[in-house]
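*Asks:* The structure is given below, and queries will be raised subsequently.
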Amino acid sequence: MKKAVYPGSFDPFSNGHLDIVKRASKLFDELHILVSYNLSKKTNFTKEERVAMIQKCVASLDNVVVDSYDGLVVNYCKENSIDVIVRGLRNYNDYENEFNLFQYNRDISPNIETILLLPSTKNQFVSSSAIKELVCFHCDISKYVPKEIEKDIITKFKK
6 MKKAVYPGSF DPFSNGHLDI VKRASKLFDE LHILVSYNLS KKTNFTKEER VAMIQKCVAS
66 LDNVVVDSYD GLVVNYCKEN SIDVIVRGLR NYNDYENEFN LFQYNRDISP NIETILLLPS
126 TKNQFVSSSA IKELVCFHCD ISKYVPKEIE KDIITKFKK
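The opening residue of the sequence shown carries number 6 in our numbering; numbering runs sequentially from there.
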């Protein structure tokens with residue numbers, strides 16, 4: 006069985022993330038979406054809220070597992086017999102970050118591969134930080150987030 010993991014902070018989960026999930030789930034027998042800890046990001050949603058929101062969005066995908074982990078993604082891979090990390094790549098800044106992360110992951114665990122998926126055209130500029138800003142300024146986010154969690158996101162930022 007070929008398994009992969011798609012890690013991220015997913016704060017919040019977007020249509021760009023969902024696009025990558027749907028495409029990656031066709032490439033692997035089992036895809037783990039991993040809500041992972043990022044030292045450089047302050048999250049607005051708890052880990053449990055993010056997992057629950059993602060589960061709503063992927064309920065129809067039978068081969069997708071949603072999980073969370075506070076350690077290194079490569080350690081999660083080892084613990085779950087996963088040998089591929091899937092990452093989304095929107096722009097040159099993402100490339101630079103992903104390239105550096107790939108090098109560290111390769112040094113720590115040379116048997117784990119990383120594949121990069123490019124976004125669909127309509128999702129190239131979608132980012133979680135932009136979604137949060139749009140909500141705070143009372144803009145419509147329906148084009149950027151799955152309908153299953155749109156109200157959850159709006160409610161969180163109206164508090």
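Here a beta-carbon is modelled for each residue, glycine too, at the ideal position from N, C-alpha and C.
None of these values were measured; they are calculated from a predicted model.
For Gln60, which residues from the same chain have a beta carbon less than 7 Å from its beta carbon, with the 5 sequence-adjacent residues on both sides left out?
*Replies:* For the purposes of this step, residue 60 is taken as the residue at position 55 of the sequence shown. Once the five neighbours on either side are set aside, the close Cβ partners of Gln60 are Val71.
*Asks:* For a minimum of 4 consecutive residues, which ranges assigned as the alpha helix (DSSP H) are wholly contained in the region 88-136?
*Replies:* Entirely contained in the region 88-136, the alpha helix (DSSP H) runs reaching 4 residues are, in chain order, 97-113.
*Asks:* Give the secondary structure of Asp67 by DSSP, where H, G and I count as helix, E and B as strand, and everything else as coil.
*Replies:* Your numbering for residue 67 matches position 62 in the sequence shown. Coil, per DSSP.
*Asks:* Count the other CB atoms, across all protein chains shown, that sit within 10 Å of the CB of Leu36; report buried if there are 16 or more and exposed otherwise.
*Replies:* Within the sequence shown, residue 36 is the residue found at index 31, counting from 1. By the 10 Å Cβ count, Leu36 comes out buried.
*Asks:* Compute the distance between the beta-carbons of Ile14 and Thr48, then report whether it is under 8 Å.
*Replies:* Here residue 14 refers to the residue found at position 9 of the sequence shown. Here residue 48 refers to the residue found at position 43 of the sequence shown. Note that residue 14 is Ser in the sequence shown, not Ile. Cβ distance < 8 Å, so Ser14 and Thr48 count as in contact.
*Asks:* In the DSSP assignment, find the beta strand (DSSP E) that holds Glu35 and state where it starts and stops.
*Replies:* Within the sequence shown, residue 35 is the residue found at index 30, counting from 1. Note, Glu35: beta strand (DSSP E), 35-41.
*Asks:* Please state whether DSSP places Gly21 in a helix, a strand or coil.
*Replies:* By 1-based counting over the sequence shown, the position of residue 21 is 16. Three-state result, Gly21: helix.
*Asks:* May I have the straight-line CA-CA distance separating Asn20 from Val26, to the nearest angstrom?
*Replies:* Taking the first residue of the sequence shown as 1, we reach residue 20 at position 15. Taking the first residue of the sequence shown as 1, we reach residue 26 at position 21. Answer to the nearest angstrom: the Cα atoms are 10 Å apart.
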